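Engineer:
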Amino acid sequence: MQEVIIATLVVGVIGLLIGVALVAVSKKFAVETDERVGLVRESLPGNNCGACGYAGCDAVAAAIVEGRAPVNACPVCNAEAVKKIGDIMGVQAEAAERKVAYVHCAGTCDKTSVRCNYVGIHDCRAAVLSGISVWECDYGCLGFGSCVEACKFGALRVENGVAIVDESKCAGCGKCAKACPKGLIELVPADKKIAVRCASRDRGPAVKKACTAGCLGCGVCAKQCEHEAITVDGNLAHIDYTKCVGCGKCAEKCPAKIIEMF
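With the first letter of the sequence shown counted as 1, position 93 gets the number 93 in UniProt numbering; the numbers rise by one all the way through.
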């Protein structure tokens, strides 16, 4: 019986000493954290989409508090959330310009035709790696939905062979743009409401042969724009959103009707 008591006391003393040692070590090597990090983190949407350029919401919250990132670093945050973060940091802040994803392709199944019967994995990246051109247009949307899978907000769907963006759900994170192997998806200013729905760089006759909804590179849009916001480069019209006022004159005069007001 005495041996049991002694053994119990020894184990208890050892446990106590270890506990004291752990407390001492934890205090000595403790890393002080700014409570604002947690407050900023709570104000972020929590999607961990990485659109801010950081690994996730925890990382960008720490960066904001440490001054390595601006208060409006998260492109998904609305004006209310940015203001809340600004109040936490003691600075005035405005939400960054809202952008939405736009798919530069109007080549639906009824406007272009299938070049070959693709039987591989139904993934856009896999199809591109195969080297096979599924549709007559080499530049168009493949319609397998890699962008849809990448979107955490349910803002994309594939309809009639082409990816479609639901602007009301789009957070402007840019994940879909990174997932598109054709580079067809671009983040455009939400307030401009205008874009060229084509990415083909072929000449007019080749475009007409491949798709009935392609840019002909005619330059009519550029001539109509009073603000010099449109240029034609590589047989394709491009909009400079820093100059565009969203008047829509280019869309009205486009003979191919591929400049869209949305």
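Beta carbons: idealized from backbone N, C-alpha and C, even for Gly. Since we're looking at a predicted model, the values are computed, not measured.
Tell me the DSSP secondary structure of P189 in three-state form.
Structural biologist: Residue state, collapsed to three classes: strand.
Engineer: Can you pull the DSSP bridge partners for I85?
Structural biologist: Answer is none; I85 lacks a bridge partner.
Engineer: Give the DSSP-derived three-state secondary structure of I239 in the structure shown.
Structural biologist: Three-state result, I239: strand.
Engineer: When burial is assigned at 16 or more other CB atoms within 10 Å of the CB, is V11 buried or exposed?
Structural biologist: exposed
Engineer: Output the distance between the C-alpha atoms of I121 and V232, rounded to the nearest integer angstrom.
Structural biologist: 36 Å
Engineer: Counting only runs of 3+ residues fully inside the stretch 67-132, write out the beta strand (DSSP E) ranges in chain order.
Structural biologist: 99-103
Engineer: If you draw a straight line from the alpha carbon of A155 to that of V23, how long is it in whole angstroms?
Structural biologist: 49 Å
Engineer: Can you tell me which of the three DSSP states H211 falls into?
Structural biologist: According to the sequence displayed, residue 211 carries Cys and not His. C211 falls in the strand class under three-state DSSP.
Engineer: Keeping to the same chain, check which residues put their C-beta closer than 6 Å to that of S113; ignore five residues upstream and five downstream.
Structural biologist: E136
Engineer: Grab me the residues of A199's own chain with a C-beta within less than 8 Å of its C-beta, minus the 5 sequence neighbours each way, in chain order.
Structural biologist: So the qualifying residues of the chain are H104, C105, Y139, G140, K182, G183, L184, L236.
Engineer: Between the alpha carbons of Y241 and A81, how many angstroms are there, rounded?
Structural biologist: 26 Å
Engineer: Taking only the alpha-carbon atoms, compute the straight-line gap between N160 and V37 and give it to the nearest angstrom.
Structural biologist: For N160 and V37, the distance between alpha carbons rounds to 45 Å.
Engineer: In terms of DSSP beta bridges, what is I5 paired with?
Structural biologist: In the DSSP output, where bridge partners are listed per residue, I5 has none listed.
Engineer: So, at 8 Å on beta carbons, what are the nonlocal neighbours of L39 in its own chain, with the 5 sequence-adjacent residues on each side left out?
Structural biologist: I88
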